[in-house]
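K.L.:
Below are the structure tokens for one structure; questions will follow.
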Amino acid sequence: MRYVYETAAYGPDPIRDLYWSTTVPSVSLPTLNGSHKTDVAVIGAGFTGLSAAYHLGQAGVDVTVMDAQHPMFGATGRNGGFCCLGGGKISNARLDTLYGSDQRQLYRQAEKAAVDLVDQFISDHDLNVDRHSNGETLLAHKPKHAQDFPALQAEIQRDYGVTADILGEQELRQNGLGGAFHGAITTPIGFGLNPQKYASGLLQMARTKGAKIYANTPALRIVPTTSGYDIATPNGTVSCNKFIIATNGYSSEDMFPWMRARFLPVQSSVIVTRPITDQEQTAQGWTSAQMAYDSRFLLHYFRMMPNNRFLFGMRGGLHYTKRSNERIRQKIRDDFAEMFPAWRDVIIDYEWSGLVALNRSETPYVGEIPGYAGGYAGFGYHGNGVAMASYSGALLSDMVLDRIGTRPNPKAFQHIPTQFPLGRFRRYMLTPIYALAQSVDL
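Residues in the sequence shown are numbered consecutively from 0, following numbering that gives the first Met the number 0.
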């Protein structure tokens, strides 16, 4: 299969030191062999695919899920565990211009509904996901960014109907947010979690509703037939009436031609420290359980987890090679030490990387695939997929079941992303953008 990044980026190497996999028992799933028939085939066993399978199974639909590796292998199992607003990068001004103010409001409602859906999953099914944090905190890394917080507070009130709390620079340390920051604003929507514990819960929920889930079963081709579609795998075929592509940033370039170049995979890297003592937390001034991120264009995201390990993430490079990986390895440690100097000698126990997906539309795509009746796709969560991918799976199940209007589904989600130029080499478009962003972020 042909991919955008080097082949090693899609193998086991990026997650050899993945923290999350140490916190959940491994699940043994079969590989699909022979010929099978199903109502709906779901390609990809991450948040999107598992959520779709659960909702479809709940409605009595026969569902077969297949993953090229194993459930949670992609971004679902290696993200930072931020269940928060987001999923796109589009601004309110652009939403108003393209779709009108009513659709802009519906878009923001969908973001909030996505977080609410995960909250409902956790509470209704009593999932133990190491939940913490009351909303998400944005920290200004420059004074001018803090000056924008009152306007942002008004926008958050208008968009989501909640009041964001603003802290001045002098109030940060007394609120446990000590560091080289110039202010903070907290939106009281969202929470931190262990993404593999959450996804493992989704997996079990889908299986209890009858979903058949296969590992090490890549979809090689999707071929239309007189009665639906045949999906070829290395050891068999799945015949289905309808299908859902839920592979996001781990989509290949050749499995399904329509997907080619409609998304841009971007690397993200994460480190997790050893447990940080109370004394060390006090020395740094960071004692908060808030999930947080800074105001850089190439942002950092971080949080103290319930076991006092500190998670710190950032955007990665444009290659997956030994040389580029070493540069990223050094940079993430340098950035961590610069932002939290009292912890510069704290041992890093875990480190990994993964791919998130961007769309040219700056919004997720959740909808039917043109020219393929009964074919659907959900992708492009822009690094905020815990909530939005879960919600995308629910929306896709509604479409398969012809249950239109049961959830906020803005037109922006249904706008088909245009293809990026340069084909498989489109990641290199980011080279000048990253260089400019790094200079602006200084």
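Note that beta-carbon positions come from the ideal geometry of N, C-alpha and C, so glycine has one too.
(1) Closer than 6 angstroms by C-beta to A67: which residues in its own chain qualify, once you throw out the five before and the five after it? Chain order, please.
(2) In terms of alpha-carbon separation, which member of E170, P142, F81 and R220 lies closest to R295?
(3) Using DSSP with H/G/I as helix, E/B as strand and the rest coil, what is M65?
(4) Could you give the distance in angstroms between the alpha-carbon of R261 and the alpha-carbon of V62?
(5) Hey, could you find the ends of the alpha helix (DSSP H) A7 is sitting in?
(6) Give every residue of the same chain whose Cβ lies closer than 8 angstroms to the Cβ of P274, excluding the five residues on either side of it in the sequence, and list them in chain order.
(7) Sort S100, G99 and C82 by Cα distance to E110 and report the nearest one.
(8) Check whether the segment 94 to 104 touches the segment 251 to 266, counting contact only when three or more Cβ pairs, one atom from each stretch, lie closer than 8 angstroms.
(9) Just verifying my parser: in three-state terms, what is the DSSP assignment at E170?
(10) May I ask you to list the residues that DSSP assigns as paired with I165?
(11) Does the beta-carbon distance from I243 to G48 come in below 9 angstroms?
(12) Inspect the beta-carbon positions of A214 and A44 and report whether they are closer than 9 angstroms.
(13) From Q104 to P340, what does the alpha carbon distance come to, in whole angstroms?
(14) Cα-Cα, which of A388, P264, L400 and Y433 is closest to L84?
(15) Under three-state DSSP, which class holds Q418?
(16) Between the beta-carbon of G86 and the beta-carbon of Y380, is there less than 9 angstroms?
(17) Taking DSSP as the reference, what is the three-state secondary structure of P363?
(18) Over what stretch of residues does the alpha helix (DSSP H) that includes L55 continue unbroken?
(19) Is L192 helix, strand or coil when you go by DSSP?
(20) Taking its Cβ as the centre, do 16 or more other Cβ atoms sit within 10 Å of A205, making it buried, or is it exposed?
(21) Measure how close the beta-carbons of I188 and I165 come, nearest whole angstrom, since I'm counting them as under 8 angstroms.
(22) T37 bridges to which residues according to DSSP?
(23) As a quick exercise: from L354, P363 and S90, pick the residue whose alpha carbon is nearest that of D158.
(24) Please state the DSSP three-state secondary structure of H131.
(25) Rounded to whole angstroms, what's the CA-CA distance from E252 to Y9? Just pull it up for me.
(26) Does the segment 235 to 242 come close enough to the segment 358 to 378 to have 3 or more Cβ pairs within less than 8 angstroms?
(27) Just to confirm before moving on: does the CB-CB distance between L202 and A386 stay below 9 angstroms?
(28) Smallest Cα separation from G316: which of P70, I221, I347 and L429?
(29) When you compare only the Cα positions, how much space is there between V26 and D229?
(30) I think L357 touches L263, with their Cβ atoms under 8 angstroms apart; what is that distance to the nearest whole Å?
(31) According to DSSP, is S199 part of a helix, a strand, or is it coil?
P.N.:
Once the coordinates are examined:
(1) Translated into positions along the sequence shown, residue 67 becomes position 68. Correct list, in chain order: P217.
(2) Against the sequence shown, residue 295 aligns to sequence position 296. Residue nearest to R295 within the set E170, P142, F81 and R220 is P142 (criterion: CA-CA distance).
(3) One-based indexing of the sequence shown puts residue 65 at position 66. The three-state secondary structure of M65, taken from DSSP, is strand.
(4) Within the sequence shown, the letter at position 262 stands for residue 261. Within the sequence shown, the letter at position 63 stands for residue 62. About 26 angstroms.
(5) As a working note, residue 7 is residue 8 in the sequence shown. Careful: A7 lies outside any alpha helix (DSSP H) and carries neither H nor E.
(6) Against the sequence shown, residue 274 aligns to sequence position 275. If we look at P274 and ignore the five residues flanking it on each side, its Cβ neighbours are N306, N307 and R308.
(7) As a working note, residue 110 is residue 111 in the sequence shown. Checking every option, the nearest Cα to that of E110 belongs to C82.
(8) no
(9) Taking the first residue of the sequence shown as position 1, residue 170 is located at position 171. In the structure shown, the three-state DSSP call for E170 is helix.
(10) Translated into the one-based positions of the sequence shown, residue 165 becomes position 166. Here I165 is bridged, per DSSP, to I184.
(11) On the sequence shown, residue 243 is found 244 positions in, with the first residue counted as 1. On the sequence shown, residue 48 is found 49 positions in, with the first residue counted as 1. Contact flag set, yes.
(12) As a working note, residue 214 is residue 215 in the sequence shown. As a working note, residue 44 is residue 45 in the sequence shown. Cβ atoms of A214 and A44: closer than 9 angstroms.
(13) Here the question's residue 104 lines up with position 105 in the sequence shown. Here the question's residue 340 lines up with position 341 in the sequence shown. Taking the straight line from one Cα to the other gives about 41 angstroms.
(14) Here residue 84 refers to the residue found at position 85 when the sequence shown is read from its first residue. Distances from the alpha-carbon of L84 to those of A388, P264, L400 and Y433 put A388 closest.
(15) In the sequence shown, residue 418 corresponds to position 419, counting from 1. Note: Q418 maps to coil in three-state DSSP.
(16) Translated into the one-based positions of the sequence shown, residue 86 becomes position 87. Translated into the one-based positions of the sequence shown, residue 380 becomes position 381. Their beta carbons are under 9 angstroms apart, which means G86 touches Y380 by this criterion.
(17) Against the sequence shown, residue 363 aligns to sequence position 364. Of the three classes helix, strand and coil, the one that applies to P363 here is coil, per DSSP.
(18) Locating residue 55 in the sequence shown gives position 56, counting from the first residue. Note, L55: alpha helix (DSSP H), F46 to Q57.
(19) Your numbering for residue 192 matches position 193 in the sequence shown. Here L192 sits in coil by DSSP.
(20) As a working note, residue 205 is residue 206 in the sequence shown. Buried is the call here.
(21) As a position in the sequence shown, residue 188 is number 189, starting the count at 1. As a position in the sequence shown, residue 165 is number 166, starting the count at 1. With a Cβ gap of about 16 angstroms, I188 and I165 do not count as contacting.
(22) Position 38 of the sequence shown holds residue 37. T37 is bridged to C239.
(23) Start at 1 with the first residue of the sequence shown, and residue 158 comes out as number 159. Nearest option by C-alpha distance: S90.
(24) Residue mapping note: residue 131 aligns to position 132 of the sequence shown, counting from 1. DSSP places H131 in strand when its eight states are reduced to three.
(25) Counting from one through the sequence shown, the residue named residue 252 turns up at place 253. Counting from one through the sequence shown, the residue named residue 9 turns up at place 10. Straight-line Cα distance between these residues: approximately 13 angstroms.
(26) The segment 235 to 242 vs the segment 358 to 378: in contact.
(27) As a first step, residue 202 must be located in the sequence shown, where it is residue number 203. As a first step, residue 386 must be located in the sequence shown, where it is residue number 387. Contact: no.
(28) Sequence index remark: in the sequence shown, residue 316 carries index 317 (1-based). When only C-alpha atoms are compared, the closest one is L429.
(29) Stepping through the sequence shown from its first residue, residue 26 is reached at position 27. Stepping through the sequence shown from its first residue, residue 229 is reached at position 230. Near 27 angstroms, if we compare the C-alpha coordinates of D229 and V26.
(30) The residue labelled residue 357 in the question sits at position 358 within the sequence shown. The residue labelled residue 263 in the question sits at position 264 within the sequence shown. Yes, L357 and L263 are in contact; Cβ-Cβ is about 4 angstroms, under 8 angstroms.
(31) Position 200 of the sequence shown, counted from the start, is the residue given in the question as residue 199. Three-state result, S199: helix.
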